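Presented below is the structure to which this report refers.
Number of protein chains: 2
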Amino acid sequence: MSDHRQKRLVALTRLISANPGAQLSLTDLSHRLHVAKSTLSEDLLLIKEALESQGLGHIDSQVGAAGGVTFRPALDVERIREHLTVFVRELTNPDRLTPDGFLYVTDLLFSPERIDVMGTLLAERFRPVGVDYVATVETRGIPLALSAARALMVDMVLLRRDNRLSEGSSLSINYLSGSSRRVQSMSLARRAPVRGGRILFVDDFMQAGGTARAAQDLLGDFGAQVVGVGVLVATREPKQKVVDDYSAILEWVRSDEGPGTVFPTEWVQRLVEWEGSLES
Amino acid sequence: MSDHRQKRLVALTRLISANPGAQLSLTDLSHRLHVAKSTLSEDLLLIKEALESQGLGHIDSQVGAAGGVTFRPALDVERIREHLTVFVRELTNPDRLTPDGFLYVTDLLFSPERIDVMGTLLAERFRPVGVDYVATVETRGIPLALSAARALMVDMVLLRRDNRLSEGSSLSINYLSGSSRRVQSMSLARRAPVRGGRILFVDDFMQAGGTARAAQDLLGDFGAQVVGVGVLVATREPKQKVVDDYSAILEWVRSDEGPGTVFPTEWVQRLVEWEGSLES
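Same order as they appear, the protein sequences are chains A and B. The C-terminal position of the first sequence is numbered 265 in my numbering, with every residue numbered one higher than the one before it. The C-terminal position of the second sequence is numbered 265 in my numbering, with every residue numbered one higher than the one before it.
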C-alpha cells in the first residue's frame, strides 16, 4: 500500500514537473492516476512540501471547479553561474576575435544548453512586467528570444531584416545602426498577431540601442507596446542609450587592445550571488 | 520515516526529470539528498518502476566509479497528435494564403509550445543515426532546428544566407532554389566547429530539396557529413527530390485552387497512432 503511494507520488511529480508553468487540471490528473481527488490533494501537499523544502520549485494551486496545479521550477543558481562563467571567458577569448575586430560567438548563441540558461534569466527578470510576446530581429538573437519566450510560456514575434514576399504585406522601418554605422531596416508582416500585446524585445547584443528603439517604433505602429528590453551583452559605451531602459545580462567594457573585459551586470550578480564565485 | 522517504522520492524524481538525457552522477545525487548510495539505488529502482509502468519514460543506469542515471522521457503521443492537428488545420487555412500564393505560418514556426513538439518528433526519428550537430539555413527553420538539437542534446550550426563580416572568413555556395526559381547562396564561418561531425539538416519546408542538397555540399567542404535531413513540411511534387533521403513530418499536396491538403507522413502516423484520431 505504501509502495503503491510511493509510485503514485513519483508519477505525479513527473507529470507536474514535465510542464513547468502550465496549469494541470485536477480532474485530468485524478483520471490519469486512477485516484480520488481527495487523495490527489494529499499527494500534492506532500509534493509541494518536498519540492519547496529542497529548493526545487513551487506548486501553486487553483481552487474551484476548474481547479488545478502549476509547477514553477526554482532557478538553478549553480548551473546559471557555471554558464555565465563560460560566457565571460569566451567573450574575452582573443582567439574569437576576427581580423575585422568582431567577436565570433554564433556557436555559443546557437547552443540550446548554453542559451536556455540565459533565456531563463531574462524571463525571471521580466515575468513581473507581464509579457504577451517576445520579439527579436533576425538572426543571432533568435535562440535567446525563443528561450525567454519558452520560459515565459508565450510565443515569439520575428522582425525580418527585409521584406519577404512569403510573409504577405509588411510594415518596414529604416534606422541608423550605431554598431554598423549604416542604415538598417526591419519589417513585420501585417498578419503578425501582436495587436495590443505587451512585448519583451530581446537581442544578443546592444551598443547604442538603435535596433531596440526601431523595434519599439515598428511594434508601436502595430498597436503593440514594448514593455521591456533584454539583451545578452551590452557595451558600457555609449553610456547614454537611445532606449530609456534595458536589462543586460553581461556588460562589455571594450579595449583598444584585445577583447576587453566582460562581467555579469548588477541584477544578475545579485540573483546568482556572483561575488562568492568570483574568487574561484 | 516513511514520510521522509516519500519526500526524498519526490525530490529525486524532480532532479532526474529536470534534465532529460543528461547523465546525473550518483555521487552528486547522494550528496544533494544527504543519503547513502545504497539507499539511493533502492530509490532509483522504485522510481524506474513507477515511471516505466506509467509510460512516463525510462531510466538508464551507468555502473562503475563514474556511475550515474539518465532519464529519457516517453513521447507524449496525445500532445503530439493535438499539435499535429493544429498544423494540419492551419496549413490548409485559406486565410493564411497571401495574395502571392505563399502561406503565412511564421507565427506557428516561432511558437515554442507548438514547434518543440515537432522538434521532438525529428529527434526521435534521427536519434538512432547518431547526430553531433543540427544545422539549418536562416531563418524560418531555426526554431525547429533548435528544438531538435535540444531534444538530441547537441548544438546547432547556423548556415547564413549571406557572408557576414561579424563571422570572420566564410565558405559560400550558390545553388538554384526550386521554390523561388532563382540563385540562392549560403555560407558558413570557417570557425564553425563542425569538422568530422555527423549533421542532421533541418528545415521548415522542402520542395525539390535544393537547399538541403546545397547544405550537404557546403558542410562536406568542412569535413562534416549530413547523416539525415528532416523537415516540417515537404511537398508531394516533385516526387524525385535532389537529396537521396529525407524525413518530413507533414506532406503537402498542392492544389491550384486553395491551399490543398496536408497530412502527417507514414512514420509519424505510425509513431502517434494517427488513424484512430482521424475520425474525430
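Backbone N, C-alpha and C define an ideal beta-carbon position, used for all residues, glycine too. Computed from a predicted model, the values in this text were never measured in an experiment.
Taking 7 Å as the limit between beta carbons, can you name the residues of its chain near residue i, skipping five residues before and five after?
i	result
residue 227(A)	193, 194, 195, 198
residue 126(B)	187, 188, 189
residue 111(A)	185, 213, 215
residue 15(A)	21, 22, 25
residue 59(B)	40, 41, 42
residue 61(B)	none
residue 260(A)	254
residue 154(A)	175
With distance defined between alpha-carbon atoms, name the residue in the options nearest to residue i.
i	options	result
residue 156(B)	168(B), 174(B), 219(B)	174(B)
residue 230(B)	129(B), 215(B), 244(B)	215(B)
residue 232(A)	248(A), 253(A), 245(A), 222(A)	253(A)
residue 241(A)	222(A), 43(A), 59(A)	222(A)
residue 38(B)	-11(A), 177(A), 104(A)	-11(A)
residue 56(B)	205(A), 159(A), 3(A), 108(A)	3(A)
residue 176(B)	119(A), 244(A), 87(A)	87(A)
residue 51(A)	72(A), 44(A), 13(A), 74(A)	13(A)
residue 238(A)	73(A), 44(A), 27(A), 63(A)	73(A)
residue 11(A)	53(A), 44(A), 45(A), 100(A)	53(A)
residue 94(B)	94(A), 206(A), 100(A), 142(A)	142(A)
Just to confirm my understanding: we take residue i, look at its own chain, exclude 5 residues before and 5 after, and list those with CB closer than 6 Å. What are they?
i	result
residue 208(A)	180, 181
residue 191(B)	216, 219
residue 17(B)	none
residue 102(B)	65, 68
residue 133(B)	104, 107, 108, 119, 187
residue 44(A)	33, 54, 56
residue 63(A)	none
residue 172(B)	145, 148, 155, 157
How many angstroms separate the CA atom of residue i from the CA atom of residue j?
i	j	result
residue 166(A)	residue 82(A)	20 Å
residue 19(A)	residue 47(A)	21 Å
residue 129(B)	residue 106(B)	10 Å
residue 40(A)	residue 258(A)	16 Å
residue 249(B)	residue 76(B)	12 Å
residue 140(B)	residue 49(A)	44 Å
residue 263(A)	residue 255(A)	Reliability fails at residue 263(A), whose pLDDT of 47 lies under 50, so the model's placement of it is uncertain and the value that follows must be treated cautiously. Cα-Cα distance, rounded: 13 Å.
residue 170(B)	residue 169(A)	21 Å
residue 246(A)	residue 117(B)	32 Å
residue 159(B)	residue 224(A)	42 Å
residue 85(A)	residue 6(B)	39 Å
residue 90(A)	residue 162(A)	20 Å
residue 108(B)	residue 135(B)	9 Å
residue 234(A)	residue 96(A)	17 Å
residue 29(A)	residue 113(A)	26 Å
residue 200(B)	residue 151(B)	21 Å
residue 266(B)	residue 202(B)	Here chain B has residues from -14 to 265 only, and residue 266(B) is not among them.
residue 27(A)	residue 9(A)	16 Å
residue -9(A)	residue -9(B)	6 Å
residue 206(A)	residue 236(A)	31 Å
residue 92(B)	residue 204(B)	29 Å
residue 70(A)	residue 131(A)	22 Å
residue 178(B)	residue 98(A)	16 Å
residue 210(A)	residue 251(B)	44 Å
residue 138(A)	residue 100(B)	13 Å
residue -13(B)	residue -13(A)	8 Å
In chain D, which residues lie less than 8 Å from residue i when you measure between Cβ atoms?
i	result
residue 89(A)	As a matter of chain content, chain D is missing from the structure shown, whose protein chains are A and B.
Below 8 Å CB to CB, which residues in the same chain sit around residue i once its five sequence neighbours on both sides are set aside?
i	result
residue 265(B)	Its pLDDT being 37, under 50, residue 265(B) is placed unreliably by the model, and nothing is read from it.
residue 115(B)	183, 212
residue 79(A)	243, 244
Checklist entry - Considering only residues of the region 11 to 73 of chain B, which uninterrupted beta strand (DSSP E) runs meet the minimum length of 3 residues and lie entirely inside it, listed in chain order? => result Whole beta strand (DSSP E) segments, 3+ residues: 42 to 47, 53 to 58.
Next on the checklist: With three or more beta-carbon pairs closer than 8 Å as the criterion, would you say the region -6 to 4 of chain A touches the region 23 to 39 of chain B?
Outcome noted: A contact exists between the region -6 to 4 of chain A and the region 23 to 39 of chain B.
Item to check | Three or more C-beta pairs below 8 Å linking the region 140 to 148 of chain A and the region 112 to 129 of chain A | outcome: Result yes; three or more Cβ-Cβ pairs closer than 8 Å.
Checklist entry - Residue ranges of each beta strand (DSSP E) run of no fewer than 3 residues wholly in the region 203 to 233 of chain B, ordered along the chain? => result Those beta strand (DSSP E) runs which fall completely within the region 203 to 233 of chain B and span 3+ residues are 210 to 220.
Item to check | Secondary structure, beta strand (DSSP E): runs of 3+ residues fully inside the region 131 to 201 of chain B | outcome: Within the region 131 to 201 of chain B, the runs of beta strand (DSSP E) at least 3 residues long that lie entirely inside it are, in chain order, 140 to 144, 155 to 162, 167 to 174, 183 to 191.
Next on the checklist: Runs of 3 residues minimum, wholly inside the region 82 to 115 of chain A: which ones carry the beta strand (DSSP E) assignment?
Outcome noted: Secondary structure in the region 82 to 115 of chain A: no beta strand (DSSP E) run of 3 residues or longer lies completely within the stretch.
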